[in-house]
């Protein structure tokens, strides 16, 4: 499972071994104990990857073979948008901060996580 955490500081993507059901159950228990709201909704999430990543053709081929919950779209010469289908988990309906979880094949999850990590390394060198 891929977990995308959206905060006011940006996006963090991680790959988890647990199922979405386990994550939601733990979040529900935490919200209950903290007397907080919990909003769950089927949704889509997107993030950008640099278009010049050498492994991007491998990701494109994997998506063609096995990617029903993922799409790539070129948004400009420099970036491609990765769009995922999954579940949005947040404290409120209109929250801009929260987590998004998506399940796909292990290969796709691994490739996406790897490419995102590489893109973050490239960005940190530019700062």
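In the UniProt record's numbering, the protein residues as written are 1 to 127. Where is the CB? At the ideal position from N, CA and C, for every residue including glycine. On a predicted model such as this, the values are computed, not experimentally measured, just so you know.
For residue 67, which residues from the same chain have a beta carbon less than 7 Å from its beta carbon, with the 5 sequence-adjacent residues on both sides left out?
So the list reads 104 and 108, once near-sequence residues are dropped.
Return the CA-CA distance between residue 13 and residue 65, expressed in angstroms with no decimal places.
Going by the C-alpha atoms only, they are around 23 Å apart.
Do the segment 77-85 and the segment 37-48 meet, that is, are 3 or more Cβ pairs less than 8 Å apart?
Judged by Cβ distances under 8 Å, the segment 77-85 makes contact with the segment 37-48, as three or more pairs qualify.
Of all the options 120, 97 and 117, which has the alpha carbon lying nearest to the alpha carbon of residue 6?
It is 97 whose Cα lies nearest to the Cα of residue 6.
In chain order, which beta strand (DSSP E) runs of at least 3 residues are fully inside the segment 37-98?
Runs of the beta strand (DSSP E) inside the segment 37-98: 39-50, 70-74 and 79-90.
So the beta strand (DSSP E) residue 2 belongs to, where does it begin and stop?
It spans 2-7 - the beta strand (DSSP E) in which residue 2 sits, taken as one unbroken run.
In chain order, what residues of the same chain lie with their CB nearer than 8 Å to the CB of residue 55, ignoring the 5 residues before and after it?
Contacts found: 111, 114, 115 and 118.
Ordered along the chain, which non-local residues of its own chain (more than five positions away) have a Cβ less than 7 Å from that of residue 60?
Closer than 7 Å at Cβ, skipping near neighbours: 72.
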